[in-house]
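For reference, the structure is listed below as structure tokens.
Residue numbers (UniProt numbering): 1 to 306.
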């Protein structure tokens, strides 16, 4: 069990969550309309009409009987599922308790979870979560309804970040157990754990579910400013490191290493066929999410007949 929170901490978490929910509602309400309202609706499972094949269509949806009759390649369209189950793997390990811009990374984790809840918990849809911090993991069952979703978000917002390393791969793998019907699986993390630790669980998740990876980044994780000697603390191990940021070669090596790390993360997510959204603590996270939702909507409808 998590240690009890004091009244001031609980009140602050609830106030932050209330502001987030109001902001998300104002920005995102009405953004998605159509057969299914969701952040990552997926192709659906119910068969619909056929249409001619267009470049970029998924060849797994080829309609061979119609193709044989017409001598033109056709694909079978599908109708989006009406009831969707969404599960989130929410990483609140010690490395997320960091931020040098407008927000802490942990604040963006809660914000992303709030937006996901708003976009998915409609029409009987269910949303659940597994939340990991340090060696502690809490499972919150998937339930339908806005009241239940708000309770889930309050529990996430009130989660205390603990010291120590978290096993991101084990956290993600909890979404694979027990096996569930096809749905949406969301991983919210900074993905700073070694790629080999979590890449396989994400690929496994993508076999059955539509996967969305939300990567939370702070600008200081990408490049160092020239501010003289910095004393840095590893939030997961407590180790101290002194860095002379006035050295341009060191700053260049740091930026190159950070770029290579982010490229490896992106490559692992592409290999898992996961949609990838990056949120930064120094940018408008909600605008980035709106653009992502709009792009997903466009990709979903691109090439369909009107």
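Virtual Cβ for every residue (Gly too), placed ideally from N, Cα, C. Note that the structure is predicted; figures quoted are calculated from it, not measured.
Boundaries (first-last residue) of the beta strand (DSSP E) holding residue i
| i | result |
| --- | --- |
| residue 189 | 184-189 |
| residue 281 | Segment: none, residue 281 is in no beta strand (DSSP E) and carries neither H nor E. |
| residue 259 | From DSSP, residue 259 is part of no beta strand (DSSP E) but of the alpha helix (DSSP H) over 248-271. |
| residue 66 | From DSSP, residue 66 is part of no beta strand (DSSP E) but of the alpha helix (DSSP H) over 64-70. |
| residue 121 | Taken as a continuous stretch (DSSP letters only), residue 121 belongs to no beta strand (DSSP E), as it is neither H nor E. |
| residue 130 | 126-133 |
| residue 242 | 240-244 |
Distance, residue j Cα to residue i Cα
| i | j | result |
| --- | --- | --- |
| residue 63 | residue 25 | 40 Å |
| residue 157 | residue 17 | 7 Å |
| residue 289 | residue 279 | 8 Å |
| residue 139 | residue 169 | 15 Å |
| residue 105 | residue 98 | 6 Å |
| residue 46 | residue 208 | Because residue 46 carries a pLDDT of 48, less than 50, the predicted location of this residue cannot be relied on, and no value is offered for it. |
| residue 225 | residue 193 | 24 Å |
| residue 20 | residue 253 | 37 Å |
| residue 276 | residue 270 | 8 Å |
| residue 286 | residue 265 | 22 Å |
| residue 65 | residue 182 | 26 Å |
| residue 291 | residue 23 | 16 Å |
| residue 333 | residue 180 | Missing from the structure shown is residue 333; the chain here goes from 1 to 306 and no further. |
| residue 145 | residue 234 | 40 Å |
| residue 68 | residue 298 | 30 Å |
Proximity of residue i and residue j at Cβ, strictly below 8 Å
| i | j | result |
| --- | --- | --- |
| residue 54 | residue 74 | no |
| residue 94 | residue 236 | yes |
| residue 202 | residue 211 | yes |
| residue 120 | residue 92 | no |
| residue 155 | residue 117 | no |
| residue 174 | residue 131 | no |
| residue 255 | residue 223 | yes |
| residue 274 | residue 213 | yes |
| residue 178 | residue 238 | no |
Residue i beta carbon near the ligand GTP (any heavy atom closer than 7 Å)
| i | result |
| --- | --- |
| residue 142 | The ligand GTP is absent from the structure shown, which contains no ligands of any kind. |
For residue i, three-class secondary structure by DSSP
| i | result |
| --- | --- |
| residue 138 | strand |
| residue 154 | helix |
| residue 295 | helix |
| residue 210 | strand |
| residue 50 | strand |
| residue 57 | coil |
| residue 232 | strand |
| residue 90 | strand |
| residue 199 | helix |
| residue 110 | helix |
| residue 149 | helix |
| residue 73 | coil |
| residue 24 | helix |
| residue 329 | Coverage of the chain is limited to positions 1 through 306, which leaves residue 329 absent and any answer about it impossible. |
| residue 341 | Beyond the ends of the chain as shown, which are 1 and 306, falls residue 341; an answer cannot be given. |
Contact belief for residue i with residue j at Cβ below 8 Å, rounded distance in angstroms
| i | j | result |
| --- | --- | --- |
| residue 129 | residue 96 | About 15 Å; that fails the 8 Å criterion. |
| residue 187 | residue 172 | 6 Å |
| residue 101 | residue 282 | 3 Å |
| residue 127 | residue 142 | 6 Å |
| residue 242 | residue 229 | 6 Å |
Start-to-end residues for the alpha helix (DSSP H) that takes in residue i
| i | result |
| --- | --- |
| residue 171 | 168-173 |
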